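Numbering (our numbering), first residue to last: 35 to 457.
Down below is the structure, laid out as structure tokens.
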């Protein structure tokens, strides 16, 4: 009798299929057989259509061991820090979903070509879903990165779930400033059990970037297109996930990609960036977590803002309409923010472009009457992260406004790149 893991040929009334017999998920009816085909995809076969199952090769229990790799003195040292996510996940056949399980060492074993670019040191530092990451976890990641830089590594990779990778890459930009080497965030849109996985191509380009790129910034390394040919390097404070499942989900917003890299390790710079140096990194993990990010919408109740004041929030980021406008019925609530010395930063719900408090009369009133701080071309989530950083340093309203409108780590561009809209 065939058992899960066996390579089998299944002869049915509809045709013949070959693949690996898989455990049946609890959510799949009991009258179905699950087969993983050679192309990596799973297929369900109704048992009443099966005529015969032939075992081609019995499964053998394999105990996977990681071979100790001798460092190559000609290659740079690169550290991979794992935080979980799809890039380090496997299938839970009880539910049919995926969950963080594989360690970074598994990827080193399964993608040996990364050893052509660097001597790899790898360890997990967090194994949680990216939605569960908090500023405290960001601080932990920042401290680990700082520690690795002090050890003298030539590049650092952080494997991360893609859903909130943009938040973490931006947070690290503020928490570890004056970087001397690249910090490369990488994830995957497709899990490692699928034939269309982008985990290994992304990991390969991330390692090549950490080892070879002349840049020294916190960047995201993900597919340029749906093809396995080129990855973009996007500044961490200018990256957003733009699609739920496409492999080219990440795009630079109001900026150009800093570079592109092919799967042979060839890198082409595309925009100005901080370069490698002997600079001493600055670690500062002081973040004020009493900051809210709120999207304005027509008919929005002032009670939402009133509740934030009541709960003693220290700062608010508003994603307004167009140039950053809000409705007049919210003005009384925001006057209370001003009186309570709660800075309010205005951004836009539009993906591209910058906010302005001078184009329309409404914006001029928001500046004059409410003392709102305009976040220029920062995305709402980046302004949220930056305000946490700024309030971690000072609560002085004048200083907060000055810092929020000062470019620190590439989060603000003096002239928004119009070409980025076409990428």
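Think of the CB as a built atom: it goes at the ideal place given N, C-alpha and C, for glycine as much as any other residue.
Computed from a predicted model, the values in this text were never measured in an experiment.
8 Å contact criterion, which residue i and residue j should meet: CB distance rounded
i	j	result
residue 260	residue 194	The Cβ separation is near 21 Å, so there is no contact.
residue 214	residue 310	6 Å
residue 386	residue 301	Actually they are not in contact, since the Cβ atoms of residue 386 and residue 301 sit about 26 Å apart, beyond 8 Å.
residue 404	residue 365	7 Å
residue 162	residue 192	Actually they do not touch by this definition, with Cβ atoms about 14 Å apart.
residue 254	residue 233	Going by Cβ atoms, the distance from residue 254 to residue 233 rounds to 15 Å, so no, they are not a contact pair.
residue 115	residue 175	7 Å
Residue span of the beta strand (DSSP E) that contains residue i, given as start and end
i	result
residue 190	189–193
residue 3	Residue 3 lies beyond the range of the chain shown here (35 to 457); nothing can be said about it.
residue 51	50–55
residue 285	284–286
residue 329	325–329
residue 342	Per DSSP, residue 342 belongs to no beta strand (DSSP E); it is in the alpha helix (DSSP H), 337–344.
residue 302	301–303
residue 175	Residue 175 -> not in any beta strand (DSSP E); alpha helix (DSSP H) instead, spanning 169–185.
Given residue i as reference, the closest of the options once Cα atoms are compared
i	options	result
residue 389	351, 82, 71	351
residue 112	91, 75, 154	154
residue 171	202, 335, 298, 384	202
residue 266	198, 332, 54, 239	239
residue 65	47, 52, 84	84
residue 270	281, 249, 264, 279	249
residue 296	69, 262, 402	262
residue 67	92, 40, 93, 91	40
residue 357	333, 345, 374, 392	392
residue 78	89, 57, 332	57
residue 167	182, 38, 196, 150	196
residue 322	150, 114, 173, 89	173
residue 103	146, 336, 72, 340	146
Per-residue burial, residue i [other beta carbons within 10 Å of its own, 16 or more giving buried]
i	result
residue 80	exposed
residue 251	buried
residue 180	buried
residue 308	buried
residue 100	Note that residue 100 scores 47 on pLDDT, short of 50, meaning its location in the model is unreliable and no value can be drawn from it.
residue 444	buried
residue 285	buried
residue 291	buried
residue 448	exposed
residue 69	buried
residue 76	buried
residue 458	Residue 458 cannot be examined here, being either before or after the span of the chain that is shown, 35 to 457.
residue 91	exposed
residue 452	exposed
residue 412	buried
residue 339	buried
residue 96	In this prediction, residue 96 has a pLDDT of 45, which is less than 50 and means its spatial position is unreliable; what the coordinates show is noted afterwards. Exposed.
Same chain, Cβ closer than 6 Å to residue i, five either side skipped, listed in chain order
i	result
residue 410	388, 446
residue 370	343
residue 98	Note that residue 98 scores a pLDDT of 48, beneath 50, so its modelled location is shaky; the value from the coordinates is reported in the next line. Result list for residue 98: empty, nothing under 6 Å.
residue 54	41, 70
residue 190	113, 179, 182, 217
residue 219	192, 194, 199, 203, 254
Sequence-distant residues of its chain with Cβ nearer than 7 Å to residue i (five each side left out)
i	result
residue 359	394, 396, 397
residue 312	214
residue 148	142, 154, 237, 238, 241
residue 279	223
residue 212	313, 314, 315, 316
residue 198	164, 165, 167
Contact set for residue i: own chain, Cβ-Cβ below 8 Å, skip 5 residues either direction
i	result
residue 188	110, 111, 112, 152, 215, 244, 245
residue 50	43, 44
residue 354	330, 360, 380, 381, 382, 383, 389
residue 347	324, 325, 326, 376
residue 177	317, 319
residue 282	256, 257, 258, 259, 260
residue 438	377, 379, 407, 409, 417, 420, 421, 424
residue 294	258, 264, 265, 266, 267, 301, 302, 304
Delimiting residues of the alpha helix (DSSP H) encompassing residue i
i	result
residue 423	414–425
residue 239	233–246
residue 400	395–404
residue 388	Residue 388 -> no alpha helix (DSSP H), and no H or E assigned at all.
residue 158	Where residue 158 is concerned, there is no enclosing alpha helix (DSSP H), although the beta strand (DSSP E) it sits in stretches over 153–158.
Residue i: CB within 7 Å of a non-hydrogen atom of the ligand COA
i	result
residue 347	Inclusion of the ligand COA in the displayed structure is not the case, the ligand content being empty and no account of it being possible.
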